[in-house]
Amino acid sequence: MDITRRQLLKYSAAIAAASAIGLELPLPDKVDAAHVEKWVKTVCRYCGAGCGVYAGVDKGRVVAVKGDKDNWNKGFLCIKGYYLPPILYSADRAKYPMLNKGGKFVRISWKEAMDLMTEKFADSIKKHGVHSVAFYGSGQAYSEESYFMNKLFKGGLGTNNIDGNPRLCMASAAVGYVSTFGKDEPMGAYDDIYHSECFFIIGSNMAECHPVIFRIINERKQKDKNVKIIMADPRKTLSARIADMHMSFIPGTDLAILNAMAHVIVKENLYSKEYVNHHLVFKTVKGDKPAKVSFEEYVKFLDEYTPEMAEKVSKCPKDDIIKAARWFAQSRATMSFWTMGLNQRTRGVWANNLVHNLHLLTGQINRPGATSFSLTGQPNACGGVRDTGLLSHLLPYGRLVANEGHREEMEKFWGISKGKIHPKPGPTAVDIFRSFNKGDIKALWVACTNPGQSLPNLAPYRKGMEAKDTFLVVSDTYHPTRTTELADLVLPAALWAEKDGTYGQSERRYQYLEKAVQPPAEARPDLDVMLEFAHKLFSKLDRTDEVKKLFNFKTSEDVWNEMRLASKNTAYDFMGMTRARMKKAHGIQWPCPTEDHPGTVRRYTAKYGDVLVKKFDPAASDVSFYGAKADGNRAAIWLRPYKGPVEPADAEYPFVLTTGRQIEHWHTGTMTLKVPELKRSAPNAYVEINPRDAQNLGIKSRDKVKLTSRRGSIILEAKVMDVPRDGLVFVPMHYPDKLINQLTIDAYDAMSKQPEFKICAVKIEKA
Amino acid sequence: MPVVSVIVEIEDGSGEAVLHSLAVIGNVSVFGVKDNQIVAVIEGKDLTAIQNTIKILYSTKNILGAYPVFACGYE
Numbered sequence: 083m084d085i086t087r088r089q090l091l092k093y094s095a096a097i098a099a100a101s102a103i104g105l106e107l108p109l110p111d112k113v114d115a116a117h118v119e120k121w122v123k124t125v126c127r128y129c130g131a132g133c134g135v136y137a138g139v140d141k142g143r144v145v146a147v148k149g150d151k152d153n154w155n156k157g158f159l160c161i162k163g164y165y166l167p168p169i170l171y172s173a174d175r176a177k178y179p180m181l182n183k184g185g186k187f188v189r190i191s192w193k194e195a196m197d198l199m200t201e202k203f204a205d206s207i208k209k210h211g212v213h214s215v216a217f218y219g220s221g222q223a224y225s226e227e228s229y230f231m232n233k234l235f236k237g238g239l240g241t242n243n244i245d246g247n248p249r250l251c252m253a254s255a256a257v258g259y260v261s262t263f264g265k266d267e268p269m270g271a272y273d274d275i276y277h278s279e280c281f282f283i284i285g286s287n288m289a290e291c292h293p294v295i296f297r298i299i300n301e302r303k304q305k306d307k308n309v310k311i312i313m314a315d316p317r318k319t320l321s322a323r324i325a326d327m328h329m330s331f332i333p334g335t336d337l338a339i340l341n342a343m344a345h346v347i348v349k350e351n352l353y354s355k356e357y358v359n360h361h362l363v364f365k366t367v368k369g370d371k372p373a374k375v376s377f378e379e380y381v382k383f384l385d386e387y388t389p390e391m392a393e394k395v396s397k398c399p400k401d402d403i404i405k406a407a408r409w410f411a412q413s414r415a416t417m418s419f420w421t422m423g424l425n426q427r428t429r430g431v432w433a434n435n436l437v438h439n440l441h442l443l444t445g446q447i448n449r450p451g452a453t454s455f456s457l458t459g460q461p462n463a464c465g466g467v468r469d470t471g472l473l474s475h476l477l478p479y480g481r482l483v484a485n486e487g488h489r490e491e492m493e494k495f496w497g498i499s500k501g502k503i504h505p506k507p508g509p510t511a512v513d514i515f516r517s518f519n520k521g522d523i524k525a526l527w528v529a530c531t532n533p534g535q536s537l538p539n540l541a542p543y544r545k546g547m548e549a550k551d552t553f554l555v556v557s558d559t560y561h562p563t564r565t566t567e568l569a570d571l572v573l574p575a576a577l578w579a580e581k582d583g584t585y586g587q588s589e590r591r592y593q594y595l596e597k598a599v600q601p602p603a604e605a606r607p608d609l610d611v612m613l614e615f616a617h618k619l620f621s622k623l624d625r626t627d628e629v630k631k632l633f634n635f636k637t638s639e640d641v642w643n644e645m646r647l648a649s650k651n652t653a654y655d656f657m658g659m660t661r662a663r664m665k666k667a668h669g670i671q672w673p674c675p676t677e678d679h680p681g682t683v684r685r686y687t688a689k690y691g692d693v694l695v696k697k698f699d700p701a702a703s704d705v706s707f708y709g710a711k712a713d714g715n716r717a718a719i720w721l722r723p724y725k726g727p728v729e730p731a732d733a734e735y736p737f738v739l740t741t742g743r744q745i746e747h748w749h750t751g752t753m754t755l756k757v758p759e760l761k762r763s764a765p766n767a768y769v770e771i772n773p774r775d776a777q778n779l780g781i782k783s784r785d786k787v788k789l790t791s792r793r794g795s796i797i798l799e800a801k802v803m804d805v806p807r808d809g810l811v812f813v814p815m816h817y818p819d820k821l822i823n824q825l826t827i828d829a830y831d832a833m834s835k836q837p838e839f840k841i842c843a844v845k846i847e848k849a
Numbered sequence: 017m018p019v020v021s022v023i024v025e026i027e028d029g030s031g032e033a034v035l036h037s038l039a040v041i042g043n044v045s046v047f048g049v050k051d052n053q054i055v056a057v058i059e060g061k062d063l064t065a066i067q068n069t070i071k072i073l074y075s076t077k078n079i080l081g082a083y084p085v086f087a088c089g090y091e
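Chain order of the listed sequences is H and F. Positions 83 to 849 (the numbering used here) are the ones given, in order, by the first sequence. Positions 17 to 91 (the numbering used here) are the ones given, in order, by the second sequence.
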């Protein structure tokens, strides 16, 4: 039968979708004909879920996408994923190096750009020392790029003035894992969703922020009537639609709720004696230092956290707290998820510890379906920043700047002199920009991120970035952005599908992204630019002889191979992930120590396949938290008291402002707002107001309202909707013309240094 | 003219009702059903039309979500 091209497209699309769910379609002949020249295996550019994607290329352009049915996402994509191609062809792609001359950007050559940039950095180092320069990276950069910059700064230059935007989104999760389990990153996987019977989702709007992961939970709920979903969130988001229980509470009071759940679990004897006796230590902080306590002391600590006390503090009904604790403890397998609702807090690490506590206390861990899982916001925050050690306190693969032994290991590995790596952790994200404001940092390179929009308490930092006595270089794929507009020099960067490299997503899955098309005009992969920068900078510093030893890389595969070696014999070991293997595989989960190793779905359990248990804890029969060697390979239950936010609502500013994502957009909107269809679907910022609050204020939907915090004001359109609880307002963070971060607070968690984006006090007036 | 295939996830036992609902949406073709999942293809004069259709799907009774799997025809 003859079919038209249009029918062919329809059938091709239908086949792709049907195969994703294992459905065979009766189709006419000729439908196998591809309408693209080739399909290139890659990974979605957006969130940390890490969906496998194929980019369809025709005549040198990406013209189609389809989900990778052989990857964990089984061919599914979210609405942002299938709009990927247009982000490559936006009219505002940065195509040439641009120099800011008195507020006007003029095109210059790459040679001029690199000469100027290296001259500025070299001059600063010569005049003011190595701590006068800094790099601010991204959880969206490829792993090879981040590893390279970490080596250049910490190993080559000897400064820890290097941090990244994951500090703003998941540092609390990272420190939470390290403080509880001894090593960073989740022990479980998305595969656990298929085995779980109870989902405890707190501070996460998965339906909009991680839709493809949420789809699996949805499927579990539909297929198994025993599945319970608990949604703990001050907003009744789309995610709550399938919840069996929505626990609403005053923002910032969840620490009391989590301790109260532990209280119920202990009082009702629902805890695991096996875990308490064999796999746990109990810890508190005495003075400034961690101190071990007994299980009995922990029980005593929990005494005050009765469900009644938690209800009084949080306004979450005590019966809900009791029911949630029972469901959590008694289900066949419980899995927790959280994101920024816990992480972007001044007590973010504590909140993470308290979720881990529930899993450890009940033994809901280390078996299929039972795990404590932090979701990730960016596609490579885990693999590219946490693992490579791009943060200012880290060295690659679980090593710490402050640990002399770890520094020596990396100095030896990098072939640099002993003592070259500075022993003091460098400034974190907010503090890098504070130092830049003060002029202590004189030359700063920002790559693949948009701090001119994304930093909290934005106004002073924007002013600092604009200052004339410092030098700001920004590498980006678009220009202008709210950061490039402040730069002295803008470098045009290749985007997704225009370069090759590696991403590592939330479940420790590393995936190779193949290059599919050429970048536009003079845009270049960041790694090329970084290599050239290192060579030229070292030449200007009269250190040419060191360049070959330190930066003898020609391709991203060269860097990847050094990264594999750096991971060898660590808890991250991915020696088995050769580039050739990665090109074929649909992601591999570390640890993966040998080329014949299939990857590890669940860590810390020998029974379910973690070969490193026997390596690091030969005496263990199954479970071993081998990252916590100092505690006898036991995980820590932390006694973390309830503390509220830094800036709760008060008489003068009676509402709490929280920010977050919409399903159509991602982060600062530099990509999704360039897709006309997504922009038309969600074109403008707004403020969500609860109907009762709106009635009290005399505000109706579409009214213009003025939101004011102690740091700034903004005028937005009101959306009156029963989503935020009383006293809470929500504003999406994506819109460059409405910089909501001018209102947010830059106070940060003392342990993770992650700012409290999620809670600050505001007042509302009709504009 | 873009073409997008989606998996429409529906509530248990609602297959027939949802198929009736989809039948009245002009630019949606159903290709198959498996358990609580429907394979559908959306056509539109542009991506905005497709986006609007997906919004309609989300607001349709018994539909829990619509997940794009494949998109083509951007040229």
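Think of the CB as a built atom: it goes at the ideal place given N, C-alpha and C, for glycine as much as any other residue.
Query raised in the report: Just to confirm, are residue 497 of chain H and residue 630 of chain H a CB contact at a threshold of 7 Å?
Result: It is not a contact, given that the beta carbons lie outside the stated cut-off.
Query raised in the report: What residues from the stretch 132–149 of chain H come within 7 Å of chain F, judged by C-beta to C-beta, listed N to C?
Result: Going along the stretch 132–149 of chain H in chain order, one finds 138, 145, 146, 147, 148, 149 with a Cβ nearer than 7 Å to chain F.
Report task. Tell me, to the nearest whole angstrom, how far the beta carbon of residue 674 of chain H is from that of residue 656 of chain H; I am working on the premise that it is less than 8 Å. Result -> Residue 674 of chain H to residue 656 of chain H, Cβ: 5 Å. Contact.
Report task. Could you tell me whether the stretch 759–768 of chain H touches the stretch 732–740 of chain H, using the rule of 3 or more Cβ pairs below 8 Å? Result -> No, the stretch 759–768 of chain H does not touch the stretch 732–740 of chain H.
Query raised in the report: Leaving out five residues before and five after residue 757 of chain H in sequence, what residues of the same chain have Cβ atoms less than 6 Å from its Cβ?
Result: Correct list, in chain order: 165, 168.
Requested in this report: Quick one: measure Cβ to Cβ for residue 720 of chain H and residue 261 of chain H, integer angstroms, because I've assumed they're closer than 8 Å.
Outcome: For a cut-off of 8 Å, the C-beta gap from residue 720 of chain H to residue 261 of chain H is around 7 Å, short enough to register as a contact.
Query - Any 3 or more C-beta pairs closer than 8 Å across the stretch 503–514 of chain H and the stretch 476–492 of chain H - result: Yes, the stretch 503–514 of chain H touches the stretch 476–492 of chain H.
Query raised in the report: What does residue 60 of chain F pair with, by DSSP beta-bridge criteria?
Result: DSSP, once it has assigned bridges, lists no residue as partnering residue 60 of chain F.
Query raised in the report: Using 8 Å as the Cβ pair cut-off and three pairs as the minimum, do the stretch 233–241 of chain H and the stretch 443–455 of chain H touch?
Result: Touching, no.
Report task. Measuring only between beta-carbons, confirm whether residue 111 of chain H sits less than 7 Å from chain F. Result -> Unreliable positioning characterises residue 111 of chain H in this predicted model, as indicated by a pLDDT of 46, which lies under 50. The coordinate reading is nonetheless provided below. Chain F contact via Cβ: absent.
Query - Buried/exposed call for residue 564 of chain H, threshold 16 Cβ in 10 Å - result: Under this definition residue 564 of chain H is a buried residue.
Requested in this report: Taking only the alpha-carbon atoms, compute the straight-line gap between residue 663 of chain H and residue 364 of chain H and give it to the nearest angstrom.
Outcome: Cα to Cα, residue 663 of chain H sits roughly 42 Å from residue 364 of chain H.
Query raised in the report: For residue 709 of chain H, which residues from the same chain have a beta carbon less than 6 Å from its beta carbon, with the 5 sequence-adjacent residues on both sides left out?
Result: Correct list, in chain order: 263, 264, 265, 653.
Query raised in the report: Per DSSP, what kind of secondary structure is residue 329 of chain H in: helix, strand or coil?
Result: Residue 329 of chain H falls in the strand class under three-state DSSP.
Report task. Go ahead and pull the three-state DSSP assignment for residue 40 of chain F. Result -> Per DSSP, reduced to three states, the secondary structure at residue 40 of chain F is coil, with no helix or strand assignment.
Query raised in the report: When Cβ atoms are compared, which residues of the stretch 74–88 of chain F fall closer than 8 Å to chain H?
Result: 80, 81, 83, 84, 85, 86, 87, 88: these are the residues of the stretch 74–88 of chain F whose beta carbon lies less than 8 Å from some beta carbon of chain H, given in chain order.
Query raised in the report: Looking only at its own chain, which residues have a Cβ that is under 8 Å from the Cβ of residue 804 of chain H, when we skip the five neighbours before and after it?
Result: Cβ contact annotation for residue 804 of chain H (same chain, cutoff 8 Å, sequence separation greater than five): 318, 772, 773, in chain order.
Query raised in the report: Of the choices H/560, H/561, H/525, H/530, whose alpha-carbon is the least far from that of residue 546 of chain H?
Result: Selected option, being the one with the closest Cα: H/525.
Requested in this report: Could you pull out every residue in the same chain whose Cβ sits closer than 7 Å to the Cβ of residue 639 of chain H, ignoring the five residues on either side in sequence?
Outcome: Counting only residues of its own chain and dropping the five nearest sequence neighbours on each side, residue 639 of chain H has a CB closer than 7 Å to the CB of 661.
**Report entry** Buried or exposed by the 16-neighbour rule on C-beta atoms within 10 Å, applied to residue 345 of chain H
**Finding:** So residue 345 of chain H ends up on the buried side.
Query - Interface residues of the stretch 25–38 of chain F facing chain H [CB-CB below 8 Å] - result: Going along the stretch 25–38 of chain F in chain order, one finds 25, 27, 28 with a Cβ nearer than 8 Å to chain H.
Requested in this report: Put residue 242 of chain H into one of helix, strand or coil per three-state DSSP.
Outcome: Here DSSP, grouped into helix, strand and coil, assigns residue 242 of chain H to coil.
Query raised in the report: Shortest alpha-carbon distance to residue 353 of chain H belongs to which of H/408, H/324, H/388?
Result: Closest option to residue 353 of chain H, Cα to Cα, is H/408.
**Report entry** Selection from H/647, H/623, H/186, H/739 that minimises the alpha carbon distance to residue 209 of chain H
**Finding:** For the residues H/647, H/623, H/186, H/739, the minimum Cα distance to residue 209 of chain H belongs to H/623.
Report task. Please state whether DSSP places residue 642 of chain H in a helix, a strand or coil. Result -> In this structure, residue 642 of chain H counts as helix in the three-state DSSP scheme.
Query raised in the report: On the three-state DSSP scale, how would you describe residue 417 of chain H?
Result: Strand at residue 417 of chain H.
Report task. Look at residue 598 of chain H and residue 86 of chain F and say whether their C-beta atoms are less than 7 Å apart. Result -> No.
Query - Beta-carbon contacts of residue 131 of chain F that lie in its chain and below 7 Å, excluding the five residues immediately before and after - result: Because chain F here runs from 17 to 91, residue 131 of chain F falls outside it and cannot be looked at.
Query raised in the report: Within 7 Å (strictly less), CB to CB, does residue 44 of chain F reach chain H?
Result: For residue 44 of chain F, not one C-beta of chain H is nearer than 7 Å to its own C-beta.
Query raised in the report: For the stretch 283–291 of chain H against the stretch 412–423 of chain H, are there 3 or more C-beta pairs whose distance is under 8 Å?
Result: Per the Cβ contact rule, the stretch 283–291 of chain H is in contact with the stretch 412–423 of chain H (3 or more Cβ pairs under 8 Å).
Query raised in the report: Using a beta-carbon distance below 7 Å, is residue 57 of chain F in contact with chain H?
Result: So, interface residue.
Query raised in the report: Under 7 Å between C-beta atoms, does residue 654 of chain H make it to chain C?
Result: In the structure shown, chain C does not exist; the protein chains are H and F.
Requested in this report: Taking 7 Å as the cut-off, decide whether the C-beta atoms of residue 554 of chain H and residue 575 of chain H are in contact.
Outcome: No, these two residues do not count as a Cβ contact at 7 Å.
Report task. Can you give me the start and stop residues for the beta strand (DSSP E) that residue 219 of chain H sits inside? Result -> First-last of the beta strand (DSSP E) with residue 219 of chain H: 215–219.
Report task. Measure the CB-CB distance between residue 227 of chain H and residue 590 of chain H and report whether it falls below 7 Å. Result -> No Cβ-Cβ contact shorter than 7 Å links residue 227 of chain H with residue 590 of chain H.
Query raised in the report: Is residue 316 of chain H helix, strand or coil when you go by DSSP?
Result: DSSP places residue 316 of chain H in coil when its eight states are reduced to three.
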